[in-house]
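Trainee: Residue numbers (the numbering used here): 677 to 762.
This is the structure we're talking about:
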């Protein structure tokens, strides 16, 4: 009888400990999910800001190139006009 009580107590305590460890692991995983979601969202927003900045820089550079080309074209036309007057 003592052996059965001792074995039953031992098995019950082992099951309790393993259940607590499993539940603790599940809770830990559940707490990690929101942290990962926040990190992922933050990374996405940072990437979007970088893309927007790169796009704005490209548009600015293109506008400067167009202005320089227009200035050169005006200078060429002015030079051609002066040459035809002579």
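Glycine is no exception: its CB is placed at the ideal position from the N, C-alpha and C atoms.
What separation, rounded to the nearest whole angstrom, lies between the Cα atoms of residue 707 and residue 740?
Mentor: As a first step, residue 707 must be located in the chain shown, where it is residue number 31. As a first step, residue 740 must be located in the chain shown, where it is residue number 64. Near 51 Å, if we compare the C-alpha coordinates of residue 740 and residue 707.
Trainee: Is residue 677 helix, strand or coil by DSSP?
Mentor: Taking the first residue of the chain shown as 1, we reach residue 677 at position 1. Reduced to three states, the DSSP call for residue 677 is coil.
Trainee: Given this structure, state the Cα-to-Cα distance separating residue 733 from residue 743, to the nearest angstrom.
Mentor: The count along the chain shown starts at 1 and reaches residue 733 at position 57. The count along the chain shown starts at 1 and reaches residue 743 at position 67. In a straight line, the C-alpha of residue 733 is about 15 Å away from that of residue 743.
Trainee: Cutting at 6 Å between CB atoms, please list the residues of its own chain near residue 723, excluding the five before and the five after it.
Mentor: By one-based count along the chain shown, residue 723 stands at place 47. The same chain holds no residue with a CB closer than 6 Å to that of residue 723 once the five nearest residues on each side in sequence are set aside.
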